[in-house]
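S.K.:
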Amino acid sequence: MHGMKKNLLFVAQLTSAGHHVWFSPQGVKVFKNVKVSGTPTMEGKRMESVYVMSTETTYVNKTKKNETIDLWYARLGHVSYHKLKVMMKKSMLKGLPQLEVRDDTICVGCQFGKAYQLPYEESKYKVKALLELVHFDVFGRIEQPSISGMRYMVIFIDDFSRYVWVFFMKEKLETFAKCKEFKEVAEIEVGRKIQCLHTNNSEEYISDEFSSYVKNNKIHHQFTCANTPQQNEVIKRRNRHLVETCWSMLQAKNIPRRFWAECMKTAAHVINKF
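Laid out in structure tokens, this is it:
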């Protein structure tokens, strides 16, 4: 409530957490178990029509923080609760408090957004430097255009770091232009030249224009065999991760689907951080 320094305590929340609440005309006491003869966890006095708790500030702060676990879960792009616990344990994220995470917590948004996750085997070959190998794919056509009219997404992934870049397009024929834009951005950011591009055999990757471009820039171009997505499992897994994270955020907060591009940008940013 406006002007209050602490949140209101609801009896239903206390009892749902396993506490027992005992009211009297003079005050209120909260116990961890049914035995009311021991020391109460919290207690307060009645002042007119309300009961005012006199517990230590640290306990109230802990109760308040426990209510923010879903907020941090949403902020981190619906990362798994297990990873969230690991981040808290290792103090991996500045500002992330120590919160209580229940193992049986279920996110409705993730049930919709991650319903079709499929496993892919990891490649045995490992590159040794940034931009030595870049995976590249186009996602779309998306039925719902974004607020800026985009219907396609181009994804680039550095195999060494797994860093992901995303670009958006209105038409698929913009793919070549986005590839050139990515090359310029990535090589400036990393300070190295792209050595190899890995794609499927789609027509946008085998045009004379595209072939001449990679040849002139001394970029080796690898192709997957037809109908074998497992050969490009890095891009497929990351693509699925992005899509699942995006749809989970949209579903969890009932955000209109026309904001999918903005959610994809957010998902990519969060994934790159972790």
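Here the sequence shown stands for residues 1 to 274, where the numbers follow the UniProt record's numbering. Idealized CB from N, CA, C, for every residue including glycine. Please read these numbers as outputs of a predicted model, since none were measured by experiment.
Here's the rule: buried if 16 or more other CB atoms are within 10 angstroms of the residue's CB, otherwise exposed. What is residue 193?
M.R.: exposed
S.K.: How would you write the range of the alpha helix (DSSP H) that residue 340 sits in, first residue to last?
M.R.: Because the chain is modelled from 1 through 274, residue 340 falls outside the range shown and cannot be assessed.
S.K.: Going by CA-CA distance only, name the one from 271, 274, 243 that's closest to residue 259.
M.R.: 243
S.K.: Please identify the residue among 212, 160, 136, 9 whose C-alpha is closest to the C-alpha of residue 153.
M.R.: 136
S.K.: Indicate the three-state DSSP secondary structure (helix, strand or coil) for residue 168 in the structure shown.
M.R.: strand
S.K.: Mark residue 155 as exposed unless 16 or more other C-beta atoms lie within 10 angstroms of its C-beta, in which case mark it buried.
M.R.: buried
S.K.: Which residue marks the beginning of the alpha helix (DSSP H) containing residue 192, and which one marks its end?
M.R.: Careful: residue 192 lies outside any alpha helix (DSSP H) and carries neither H nor E.
S.K.: So what does residue 158 bridge to, in DSSP terms?
M.R.: 134
S.K.: Near residue 172, what residues of its chain come up, given a Cβ to Cβ distance below 6 Å and the 5 sequence neighbours on each side ignored?
M.R.: Excluding positions up to five away in sequence, the list reads 152.
S.K.: Examine the Cβ distances between the stretch 211-224 and the stretch 182-200 and report whether three or more of them are shorter than 8 Å.
M.R.: yes
S.K.: Rounding to the nearest angstrom, what Cα-Cα distance links residue 143 and residue 18 in this structure?
M.R.: Those two C-alpha atoms are separated by around 47 Å.
S.K.: How many whole angstroms separate the CB atoms of residue 233 and residue 138, which I take to be in contact at a CB cut-off of 8 Å?
M.R.: About 17 Å; that fails the 8 Å criterion.
S.K.: Check residue 128 in the structure and name its three-state DSSP category.
M.R.: In the structure shown, residue 128 sits in coil (DSSP, three-state: anything other than H, G, I, E or B).
S.K.: So the candidates are 73, 273, 10; which of them puts its Cα closest to the Cα of residue 252?
M.R.: 73
S.K.: Rounded to whole angstroms, what is the Cα-Cα separation between residue 11 and residue 21?
M.R.: 7 Å
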